[in-house]
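Written out below as structure tokens is the structure these notes cover.
In my numbering, the protein residues as written are 618 to 785.
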């Protein structure tokens, strides 16, 4: 990273930026890569006014160069941090939170924690195996049609898709 290299080779420039940015906050820290880690360490090193937010269970960008190590070993890289673990999930129903806890407990690189649902909402989890993307689309369309027949207007439905590639 050229910025890191500039700061390392020109301490006077680093000092100007340290004085300008006396407080540093990083969101989604679990997705930090080596260059970003070095940049944060350089900028926050003098004043030690650093706050980071992240969840090791949500580290998903290892394929892009990030490493969950930077959040798991934060206390080794930055002296005596105060770590606050948030364990209440305000978005999901208890069934989903329990299922995600069960899955996350199998992760090798993670801090031990159990989330609790703050909501009493009812939730259902359905798991489907699909033979292909086409079969998956047909299954989703069928589910939407069934919901519509049971009284849910299409305008109140949404399908969220997370993918890194779509067929052409």
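No residue lacks a Cβ here, since even glycine has one placed at the ideal position from N, Cα and C.
Just so we're clear, the structure is a prediction, and the values are computed from it rather than from any experiment.
Nearest to residue 673 by alpha-carbon distance, out of 629, 653, 646 and 628, is 646. Taking a contact as a CB-CB distance under 8 Å, the pair residue 730 and residue 751 does not count as one, their CB atoms being some 39 Å apart. Counted as a single uninterrupted DSSP element, the alpha helix (DSSP H) harbouring residue 623 occupies residues 619-626. In this structure, 712 is the residue among 755, 659 and 712 with its C-alpha nearest to the C-alpha of residue 741. Counting only residues of its own chain and dropping the five nearest sequence neighbours on each side, residue 761 has a CB closer than 8 Å to the CB of 771, 774 and 776. Note that the segment 658-675 touches the segment 688-704; at least 3 beta-carbon pairs, one per stretch, sit closer than 8 Å. Annotation: residue 627 to residue 658 spans about 16 Å, alpha carbon to alpha carbon. Scanning 726, 635, 727 and 715 for the CA closest to the CA of residue 739 turns up 715. Taking the Cα of residue 743 as reference, the smallest distance to any Cα among 766, 642 and 756 is reached at 756. Judged by beta-carbon spacing, residue 670 lies within the 9 Å limit of residue 644, meaning their Cβ atoms are closer than that value. Around the beta-carbon of residue 687, 16 or more other beta-carbon atoms lie within 10 Å, marking it buried.
Shown here, residue 643 sits in a strand according to DSSP, grouped into three states. Taking 3 residues as the minimum length, the beta strand (DSSP E) runs contained wholly in the segment 635-711 are 641-643 and 667-669, in order along the chain.
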